[in-house]
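Q:
2 protein chains.
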Amino acid sequence: MVEIKALGDHVGNEVTVHGWVEATRGHGKVAFTVVRDGTGVVQGVLVKSAVDEAVWECQQSLTQESLAALTGTVKADDRAPGGYELSLTGVEALAPAEEYPIQPKEHGVDFLLDHRHLWLRSSLQRAGLRVRAEVEQSIHDFLYTNDFVRVDTPILTGAIGEHAGTLFETDYFGDSAYMAQTGQLYVEAACPAFRRVYCFGPTFRAEKSKTRRHLTEFWMVEPEVAFADSNQNMELQEQLVSYIVERALERCSEELKVLERDTSKLENVKPSFPRMSYTEAIAFLQAKGSEIEWGKDLGAADEAVLMEDRDLPLFVHDYPKTAKAFYMKENPDDPRTVLCDDLLAPEGYGEIIGGSQREDDHDRLRARIHEESLPEEAYAWYLDLRKYGTFPHSGFGLGIERTVAWITGRHHIREMIPFPRLMNRLYP
Amino acid sequence: MVEIKALGDHVGNEVTVHGWVEATRGHGKVAFTVVRDGTGVVQGVLVKSAVDEAVWECQQSLTQESLAALTGTVKADDRAPGGYELSLTGVEALAPAEEYPIQPKEHGVDFLLDHRHLWLRSSLQRAGLRVRAEVEQSIHDFLYTNDFVRVDTPILTGAIGEHAGTLFETDYFGDSAYMAQTGQLYVEAACPAFRRVYCFGPTFRAEKSKTRRHLTEFWMVEPEVAFADSNQNMELQEQLVSYIVERALERCSEELKVLERDTSKLENVKPSFPRMSYTEAIAFLQAKGSEIEWGKDLGAADEAVLMEDRDLPLFVHDYPKTAKAFYMKENPDDPRTVLCDDLLAPEGYGEIIGGSQREDDHDRLRARIHEESLPEEAYAWYLDLRKYGTFPHSGFGLGIERTVAWITGRHHIREMIPFPRLMNRLYP
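Line by line, the protein sequences give chains A and B. Per the working numbering, numbering through the first sequence is continuous, rising by one, with the last residue being 435. Per the working numbering, numbering through the second sequence is continuous, rising by one, with the last residue being 435.
(1) Going straight from the alpha carbon of Arg373(A) to that of Ile109(A), what length do you get?
(2) Excluding sequence positions up to five away, which residues of its chain have a Cβ less than 7 angstroms from the Cβ of Val58(A)?
(3) Shortest alpha-carbon distance to Gly165(B) belongs to which of Asp154(B), Phe155(B), Gly181(B) and Leu263(B)?
(4) Using DSSP's beta-bridge definition, name the partner residues of Gly404(B).
(5) Please look up how many angstroms separate the CB atoms of Val81(A) and Gly19(A), rounded, as I've assumed it's under 8 angstroms.
(6) Is the CB-CB distance between Arg202(A) and Gly35(B) below 8 angstroms?
(7) What's the C-alpha gap between Ser279(A) and Asp269(B)?
(8) What residue range is occupied by the uninterrupted beta strand (DSSP E) comprising Met186(A)?
(9) Determine which residues of the region 145 to 177 of chain B have a Cβ less than 8 angstroms from any Cβ of chain A, and write them out in chain order.
(10) What would DSSP say about Gly90(B), mapped onto helix, strand or coil?
(11) Listing by chain order, which chain B residues have their CB less than 7 angstroms from the CB of Glu105(A)?
(12) Please report the distance separating the alpha-carbon of Gln50(B) from that of Leu381(A).
(13) For Met314(B) and chain A, any beta-carbon pair shorter than 8 angstroms?
(14) Our contact map puts Leu305(B) next to Val323(B) with C-beta atoms below 8 angstroms; I'd like the distance itself, whole angstroms only.
(15) Going by CA-CA distance only, name the one from Asp159(B), Val252(B) and Ala83(B) that's closest to Cys206(B).
(16) When burial is assigned at 16 or more other CB atoms within 10 Å of the CB, is Gly355(B) buried or exposed?
(17) Start and end of the beta strand (DSSP E) containing Trp388(B)?
(18) Nearest-angstrom Cα distance between Asp178(A) and Asp316(A)?
(19) Rounding to the nearest angstrom, what Cα-Cα distance links Gly115(B) and Asp121(B) in this structure?
(20) Need the endpoints of the alpha helix (DSSP H) that Gly135(B) sits in, please.
(21) For the alpha helix (DSSP H) holding Thr286(A), just list the boundary residues, first then last.
(22) On the three-pair Cβ rule with 8 angstroms, is the region 9 to 16 of chain B touching the region 289 to 306 of chain A?
(23) For Glu60(B) and Val138(B), which I take to be in contact (beta-carbon distance under 8 angstroms), what is that distance rounded to the nearest angstrom?
(24) Pairs of beta-carbons, one from the region 220 to 232 of chain A and one from the region 62 to 78 of chain B, closer than 8 angstroms: are there three or more?
(25) Within 10 angstroms of its Cβ, does Met8(A) collect 16 or more other Cβ (buried), or is it exposed?
(26) Output yes if chain A places a C-beta closer than 8 angstroms to the C-beta of Glu214(B); else output no.
(27) Touch check for the region 248 to 268 of chain A and the region 424 to 433 of chain A: three-plus C-beta pairs under 8 angstroms?
(28) Identify every residue that forms a DSSP beta bridge with Thr40(A).
(29) Along chain A, in chain order, which residues have C-beta atoms closer than 8 angstroms to that of Leu74(B)?
(30) Is there a Cβ of chain A sitting closer than 8 angstroms to that of Tyr356(B), yes or no?
(31) Strictly by DSSP, which residues pair up with Cys347(B)?
(32) If we require 3 or more residues per run, which beta strand (DSSP E) segments fall completely within the region 176 to 225 of chain B?
(33) Determine which residues of the region 409 to 429 of chain B have a Cβ less than 7 angstroms from any Cβ of chain A, and write them out in chain order.
(34) Straight-line CA distance for Tyr334(A) to Leu243(A)?
(35) Just confirm the distance between the C-beta atoms of Tyr250(B) and Phe403(B), as a whole number of angstroms; I'd bet it's less than 8 angstroms.
(36) Assign Glu257(A) to one of two classes, buried (16 or more other C-beta atoms within 10 Å of its C-beta) or exposed (fewer than that).
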């Protein structure tokens, strides 16, 4: 068995390929069979007069997504996808498929999500998920090369996280455990060991949101750097994001073509990215006619106005304390605000990163925990980090699905994860 | 601020290093301060007669794990760890630490686990977790280089997994969701899209085990390959394991030294690894006096006997069907057994991999689901994979913590994960 991606090594020779039938067509004398083997797609051409009747009949009987063995001579053909074609001498149905539920027509999204285990095979989904895999590897490579130590943080935790009220809870041998909304607090603990650390994994929010930008289970990378301030934190973010985009352009050009992505919009994504303070953003929005008031969080509509006519991502920094999480460091220049940033992607993709310098003053952090009515005993270890050689540090969380949606130009983040979990969806 | 790992670029110059105080000592005239900044460890030498009284007093007041700024001239010194030393001219206590709970003495393991957020800073823990991070990156690199596509599988699932009865359950907007024990079934669905796939992430077992080899939350990598049989599956396993070991030896030599690992035991870990069928293993054990009977799973004591005098990991393959999971393919040569393997590590580390060829016959798989009293509706999508172009495929799961324990030579896998989750431990 030869893999389709290796056909170029066998031009002029007879080979056998095993793959799933994507399409068949033909007329009375010539039949075409397109198969996919996971490494590529190739078309086999069968001339009726050149083969036994049984071979022809076998080809005619092939149903969509049947597993077939195609035997034939490899021919270079510039018009063929992948550059090669097979002149068939043999066709075998290794595993015939029942009538395939996903047809080359418009299906409703619920139908497709019900069949996600099969929908993965289709070309747009394959392209999107391949970009995801490349983005993930590029993140690991960037951080590894820059001396970050990966630190896997727990999913099962005590009552600790971003927002009480959106936690999934499970019985833990008689106690209650909660599924982590972030690994950040834990990576902070590893900074005094390794200076630059990150976690990479699934996070959970029991949010009753049904927007195209929400999942109950999504993946994040969360780097954290000892001695970095908010400014250095933004520099790291723009370097990482630029690297990810560059790698995707370089190594996923075929996939981006399948996705019909206008890559010219990505080619300028290089440091540095423009920055605007939250206060400046409010003034800008108000000048544009918005009724938003200082102190409110920005909504999707506000973000859209801010991003009009922009090619590059935009940092909005130093939000009001009341709009952000308890662990962010108070801004010494304006104590109504905290030293934080959101990174907004262009083209309507919105926030892909949230970052901040962390509060490193023990008493101030403890007061914030109380203000937010969080259970201090669950945060005792986190407060400890401010007792034993507290240190300035900053970090951020980049959402994988949102970032991949932007890079691929796809509308819904639910297509950017192999098995999306939504409020009403736990299957397959 | 200069990073300790970069001191070699500054020999003869005065620099300032920020770091956490690991130790101080000295006598009336000279004082030594060892600090760690996450990139390395360096000793500063302070001569009382050479500095102001205030500088001396500051050094004398430094407590363990205080954050300090040391200013001094970089001197090359072969005897120093890292090869450099600082002749101090200035010492500043940036963040004094309260009395540090972890002292240079023997602490009970519960005490250390209660303080895991601080214990991470100690040299053995740093070394072990750095090896873990290297192992993880090496796994991603090996699979990426070998054309595997990463496919992130869901944590929140319907009633599906390895063993009912050891599932963590959570309310999911009125339904029940279960935390995944494996991503395998989901990666199988991605094979027809990408041929070679893998998932990498946390998995969960609500097992009431308290052994040194169990965690309730542990990480696995699970590769899956379309068209691979059980034999090719074992070949992939020995290639991956050999690569991991080679990378650790090559890039973590300092850490393995700190851990006092006898690396000569790892140097021969290269393909191929010996193989023994389960049936052969039973005969071997019985000849050694064991009372084990054919059909029973191997226990830790049996594994120890099998591994006596072995340097290389050992494959034990083709276990009895009754001892293994429902999805393993029946062995055509002996239908009492399934086409599977466990990979046992030497030196008492036991099973680090479980793998198998998967049952690809729809009716046989469905019968196994019924035999095991599993809910067929939850597995409907999994059965679908056998309806639409079913294909031979094989895969395995490698446990990260067990593998790192073996490579580092540490006894307990709970030290091989940053924040271990045990039956009685959910904190910090």
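Beta carbons: idealized from backbone N, C-alpha and C, even for Gly.
A: Walking through what the data contain:
(1) Translated into the one-based positions of the first sequence, residue 373(A) becomes position 366. Translated into the one-based positions of the first sequence, residue 109(A) becomes position 102. Spanning the two alpha carbons is a distance of roughly 55 angstroms.
(2) Locating residue 58(A) in the first sequence gives position 51, counting from the first residue. Excluding sequence neighbours, Val58(A) sits near Thr96.
(3) In the second sequence, counting from the first residue as 1, residue 165(B) sits at position 158. Selected option, being the one with the closest Cα: Gly181(B).
(4) Taking the first residue of the second sequence as position 1, residue 404(B) is located at position 397. DSSP output for Gly404(B) lists Gly361(B) as bridge partner(s).
(5) Position 74 of the first sequence holds residue 81(A). Position 12 of the first sequence holds residue 19(A). Indeed, because the Cβ distance is near 7 angstroms, the residues count as touching under 8 angstroms.
(6) Along the first sequence, one-based indexing puts residue 202(A) at 195. Along the second sequence, one-based indexing puts residue 35(B) at 28. For Arg202(A) and Gly35(B), no; Cβs fall outside 8 angstroms.
(7) Here residue 279(A) refers to the residue found at position 272 of the first sequence. Here residue 269(B) refers to the residue found at position 262 of the second sequence. The straight-line gap from Cα to Cα measures roughly 48 angstroms.
(8) Looking up residue 186(A) in the first sequence gives position 179. It spans Asp182 to Met186 - the beta strand (DSSP E) in which Met186(A) sits, taken as one unbroken run.
(9) His147, Tyr151, Asp154, Val156, Arg157, Val158, Asp159, Thr160, Pro161, Ile162, Leu163, Thr164, Gly165, Phe175, Glu176 and Thr177
(10) Sequence index remark: in the second sequence, residue 90(B) carries index 83 (1-based). Gly90(B) falls in the helix class under three-state DSSP.
(11) If you number the first sequence from 1, residue 105(A) lands on position 98. Those within 7 angstroms of Glu105(A) in chain B are Lys394 and Tyr395.
(12) Residue numbering aside, residue 50(B) sits at position 43 when the second sequence is read from its first letter. Residue numbering aside, residue 381(A) sits at position 374 when the first sequence is read from its first letter. Their Cα atoms are separated by approximately 41 angstroms.
(13) Counting from 1 along the second sequence, the entry for residue 314(B) is found at position 307. Not one chain A Cβ lies under 8 angstroms of Met314(B).
(14) Residue mapping note: residue 305(B) aligns to position 298 of the second sequence, counting from 1. Residue mapping note: residue 323(B) aligns to position 316 of the second sequence, counting from 1. Correct: roughly 7 angstroms between the Cβ atoms.
(15) The residue given as residue 206(B) occupies position 199 in the second sequence. Minimum Cα distance to Cys206(B) is reached at Asp159(B).
(16) Working through the second sequence from its first residue, we reach residue 355(B) at position 348. Classification for Gly355(B): exposed.
(17) Taking the first residue of the second sequence as 1, we reach residue 388(B) at position 381. Looking at the DSSP string, Trp388(B) is not in any beta strand (DSSP E); the run it does join, the alpha helix (DSSP H), is Ala387 to Asp391.
(18) Sequence index remark: in the first sequence, residue 178(A) carries index 171 (1-based). Sequence index remark: in the first sequence, residue 316(A) carries index 309 (1-based). Cα to Cα, the separation comes out at about 50 angstroms.
(19) By one-based count along the second sequence, residue 115(B) stands at place 108. By one-based count along the second sequence, residue 121(B) stands at place 114. Cα-Cα distance, rounded: 10 angstroms.
(20) On the second sequence, position 128 is the one that residue 135(B) refers to. Start and end: Ser130 to Thr152.
(21) Position 279 of the first sequence, counting from 1, holds the residue named residue 286(A). Tyr285 to Ala294 is the extent of the alpha helix (DSSP H) around Thr286(A).
(22) no
(23) By 1-based counting over the second sequence, the position of residue 60(B) is 53. By 1-based counting over the second sequence, the position of residue 138(B) is 131. Not quite, the Cβ-Cβ distance comes to about 45 angstroms (not below 8 angstroms), so this is no contact.
(24) no
(25) Residue numbering aside, residue 8(A) sits at position 1 when the first sequence is read from its first letter. Answer is exposed; the Cβ neighbour count stays below 16.
(26) For the purposes of this step, residue 214(B) is taken as residue 207 along the second sequence, with counting starting at 1. Chain A contact via Cβ: absent.
(27) no
(28) The count along the first sequence starts at 1 and reaches residue 40(A) at position 33. Answer is Thr31(A) and Gly51(A), bridged to Thr40(A).
(29) Within the second sequence, numbered from 1, the residue matching residue 74(B) stands at position 67. In chain order: Gly396, Thr397 and Phe398.
(30) Mapped onto the second sequence, residue 356(B) falls at position 349. Not one chain A Cβ lies under 8 angstroms of Tyr356(B).
(31) Residue numbering aside, residue 347(B) sits at position 340 when the second sequence is read from its first letter. In the DSSP output, where bridge partners are listed per residue, Cys347(B) has Ser363(B).
(32) 176 to 179, 182 to 186 and 203 to 211
(33) Ile424, Pro425, Phe426 and Arg428
(34) What you label residue 334(A) is simply residue 327 of the first sequence in a count that begins at 1. What you label residue 243(A) is simply residue 236 of the first sequence in a count that begins at 1. Taking the straight line joining both Cα atoms gives about 20 angstroms.
(35) Taking the second sequence and counting its residues from 1, the one referred to as residue 250(B) is at position 243. Taking the second sequence and counting its residues from 1, the one referred to as residue 403(B) is at position 396. The pair is not a contact, with the Cβ atoms about 15 angstroms apart (cut-off 8 angstroms).
(36) By one-based count along the first sequence, residue 257(A) stands at place 250. Label assigned to Glu257(A): exposed.
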